[in-house]
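Residue numbers (UniProt numbering): 1 to 250.
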Amino acid sequence: MRVYECELCRDSGVIFNLEKNVGYVCSCQERKKLKRLLKSYNISDEFVHKNFGNFTLKGMDKRVVNAYMIAKEYSDGLVDRVKRGEGLRGAPWMGLLGTSGCGKTHLVTAAAYPLIELGVLPMFFNWVQSFTEWFAYYNKPEEAYKVDEIRQRIYNCDILIVDDICKESQKDTWIKEFYGIVDYRYRKQLPIIYTSEYFYQLVGFLSKATAGRLFEKTKNPETGKMYLAKMLLAENEDPLALDYRFRDIF
1 MRVYECELCR DSGVIFNLEK NVGYVCSCQE RKKLKRLLKS YNISDEFVHK NFGNFTLKGM
61 DKRVVNAYMI AKEYSDGLVD RVKRGEGLRG APWMGLLGTS GCGKTHLVTA AAYPLIELGV
121 LPMFFNWVQS FTEWFAYYNK PEEAYKVDEI RQRIYNCDIL IVDDICKESQ KDTWIKEFYG
181 IVDYRYRKQL PIIYTSEYFY QLVGFLSKAT AGRLFEKTKN PETGKMYLAK MLLAENEDPL
241 ALDYRFRDIF
């Protein structure tokens, strides 16, 4: 028995009214269009299910709670800008730094999702996966043009989310490319939301210039507010202390 994604139109995209002898475009087409659009910005289905409402705060460490508050305030500020018609150019950046499993990706996703509902599509860039897939086009002569095509989209999207900066690899080619991304968006005043497991180490991994721009732009020049949250472990602290994946196991 065939299973349809949409039972109303049986995936035909059209609903027929036999009595009136007319056809209507099914509402599923708008959903599918949005899904295709989100996919083009590397936004997965999982992305739309991560929000502030389902981020657990009960019993969480104060460092995580503080990161939540920073992300929520930042998100509300972006939404207000869009609703006022100001756009995002000139908005401060946001960085969430912390150990694996502390909720960084969930929070940056939650911060950006309300923008989608306002018609602003963030571009999601995972350090390892996105760089690997992007640079693979260098080895495909017939698709090599996509390298610069992707670069221009990353440079000029309304808001860029970079997840897990320097995770697992600090390849020279990636570092050089990332400097170009950060520097371009820095000069054009286009915001970046980013996460990383590292803090001061980013200066050594990336360069003083790149890390400096990432940190500097998290400060709102008008209010002095810093949108930089640190969920970092102290020396000799339990490595699982902030990892939500283990909170109900031990």
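Ideal Cβ positions, reconstructed from N, Cα and C, are used throughout, including at glycine.
- F135 and I165 have their C-alpha atoms some 16 Å from each other.
- Cβ contact annotation for G23 (same chain, cutoff 6 Å, sequence separation greater than five): V14, F16, in chain order.
- Counting along the chain, I165 sits inside no alpha helix (DSSP H), nor does DSSP assign it H or E at all.
- For S130, the enclosing alpha helix (DSSP H) covers residues 127–135.
- R213 and Y186 have their C-alpha atoms some 7 Å from each other.
- In this structure the segment 236–246 touches the segment 57–66; the number of beta carbon pairs closer than 8 Å is three or more.
- The segment 170–189 makes contact with the segment 200–215; the number of CB pairs closer than 8 Å reaches 3 or more.
- Taking a contact to require three or more Cβ pairs closer than 8 Å, the segment 131–150 and the segment 72–81 do not qualify as touching.
- A straight-line Cα-Cα distance of about 24 Å links T105 and Q152.
- The distance from the Cβ of V108 to that of D158 is about 15 Å, inconsistent with a contact at the 8 Å cut-off.
- DSSP lists V22 as the bridge partner or partners of N17.
- Looking from the CA of K230, the closest CA among N236, K208, Y198, L206 belongs to Y198.
- Apart from sequence neighbours up to five positions away, the residues of its chain that approach A209 with a beta-carbon distance below 8 Å are Y179, D183, ordered along the chain.
- Checking the DSSP bridge columns, you'll see G101 has no partner listed.
- Taking 8 Å as the upper bound for CB-CB distance, V82 and V120 are in contact here, some 6 Å apart.
- Taking the CA atoms as reference points, A111 sits about 9 Å from I193.
- Around the beta carbon of A71, 16 or more other beta carbons sit within 10 angstroms, so the residue counts as buried.
- Scanning the segment 144–223 for uninterrupted beta strand (DSSP E) segments of 3 residues or longer gives 160–163, 192–196, listed from N- to C-terminal end.
- When the five nearest sequence neighbours on each side are left out, the beta carbons in the same chain lying within less than 6 Å of the beta carbon of K167 are those of W127, V128, in order along the chain.
- Residue state for M123 is assigned as strand, using DSSP reduced to three classes.
- Secondary structure at L228: strand, using DSSP grouped into helix, strand and coil.
- Our two residues, T99 and C26, have alpha carbons roughly 45 Å apart in a direct line.
- K58 and A234 have their C-alpha atoms some 22 Å from each other.
- Counting along the chain, D80 sits inside the alpha helix (DSSP H) bounded by residues 62–83.
- One alpha carbon belongs to E142, the other to T173, and they sit about 21 Å apart.
- Between the alpha carbons of P122 and M60 lies a gap of roughly 28 Å.
- M69 counts as exposed, since fewer than 16 other beta carbons sit within 10 angstroms of its beta carbon.
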